[in-house]
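**Student:** Just passing along the structure, written as structure tokens.
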Amino acid sequence: MPIIDNDQSLLTEFETTYVRAISGKRFANYIIDLICFYFMLFLAGLGLGIFFPQSLDFISGGSSFGLVERIVGLVLFALFMFAQEALFNGKTIGKLITKTKAVNLDGSNISSYTAFLRGLSRAVPFDAFSALGSPPNPWHDKWTGTMVIDEKRSADLSVDIEAQ
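Residue numbering for the sequence shown follows my numbering, starting at 1402 and increasing by one per position.
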């Protein structure tokens, strides 16, 4: 039986460095996710119109876009974002396209509960404006202890560190 010295490591330790996504990618994520959200709403409205045509009379009854409709829209967007991040392990459709990912500050994957909190935080008015700045650190990141990383730049940097 071979003797292993306690100072000798069987596994080579390496340091992973995470690079935050730049504001341009964060903005692209937001625009792509918003377009997908409105497309899903369109499909839902189309389905309602086809299967329950009487519901269109109720929906089109109000001529103005009031406070209640805005709140419902914010909540639906929050649920839409939560569902994506929970199902796709910290990614949304926008993040899949831009190769970014939401992770905890220590780099670990976010849980479904954290994805729910991130989605709920997005329902706060003006959350999108809180992302202005460099590096972008919107409220839904600050309040949940998360960040969005650039997967490719993070992987490239980790490989460079290991090579040294």
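Even glycine gets a Cβ: it sits at the ideal position worked out from N, Cα and C.
1. Around the C-beta of E1470, are 16 or more other C-beta atoms found within 10 angstroms, so that it is buried, or is it exposed?
2. DSSP three-state label for T1515, please.
3. What does a CB cutoff of less than 6 Å around T1545 pick up in its chain, not counting 5 residues either side in sequence?
4. Which residues does DSSP list as the beta-bridge partners of K1502?
5. Per DSSP, N1382 forms a beta bridge with which residues?
6. Would you call the segment 1545–1554 and the segment 1497–1513 in contact, with 3 or more CB pairs under 8 Å?
7. When you compare the CB positions of A1556 and T1499, do they come within less than 8 Å of one another, or not?
8. Of all the options I1432, G1425 and I1436, which has the alpha carbon lying nearest to the alpha carbon of L1533?
9. Just to confirm my understanding: we take M1441, look at its own chain, exclude 5 residues before and 5 after, and list those with CB closer than 8 Å. What are they?
10. Would you check if the distance between the CB atom of R1421 and the CB atom of I1511 is smaller than 8 Å?
11. Could you pull out every residue in the same chain whose Cβ sits closer than 8 Å to the Cβ of D1528, ignoring the five residues on either side in sequence?
12. Between K1496, S1513, A1524 and P1526, which has its C-alpha nearest I1423's C-alpha?
13. Let me make sure I understand the geometry here. Which of R1554, F1530, P1526 and S1531 has the alpha-carbon closest to that of L1468?
**Tutor:** This is what the structure holds:
1. As a position in the sequence shown, residue 1470 is number 69, starting the count at 1. The residue is exposed, with fewer than 16 neighbouring Cβ atoms inside 10 Å.
2. By one-based count along the sequence shown, residue 1515 stands at place 114. Helix.
3. Position 144 of the sequence shown, counting from 1, holds the residue named residue 1545. The answer, listed in chain order, is T1515, L1518 and R1519.
4. Residue mapping note: residue 1502 aligns to position 101 of the sequence shown, counting from 1. Per DSSP, I1550.
5. Outside the shown range of the chain (1402 to 1565) lies residue 1382, about which nothing can therefore be said.
6. yes
7. Position 155 of the sequence shown, counted from the start, is the residue given in the question as residue 1556. Position 98 of the sequence shown, counted from the start, is the residue given in the question as residue 1499. Contact: no.
8. Within the sequence shown, residue 1533 is the residue found at index 132, counting from 1. Nearest option by C-alpha distance: G1425.
9. Sequence index remark: in the sequence shown, residue 1441 carries index 40 (1-based). So the qualifying residues of the chain are F1481.
10. Taking the sequence shown and counting its residues from 1, the one referred to as residue 1421 is at position 20. Taking the sequence shown and counting its residues from 1, the one referred to as residue 1511 is at position 110. No.
11. Numbered from its first residue, the sequence shown carries residue 1528 at position 127. The answer, listed in chain order, is S1522, P1539, W1540 and H1541.
12. Along the sequence shown, read from residue 1 onward, the residue named residue 1423 stands at position 22. Closest option to I1423, Cα to Cα, is K1496.
13. Here residue 1468 corresponds to residue number 67 of the sequence shown, with the count starting at 1. Here the closest residue by C-alpha is P1526.
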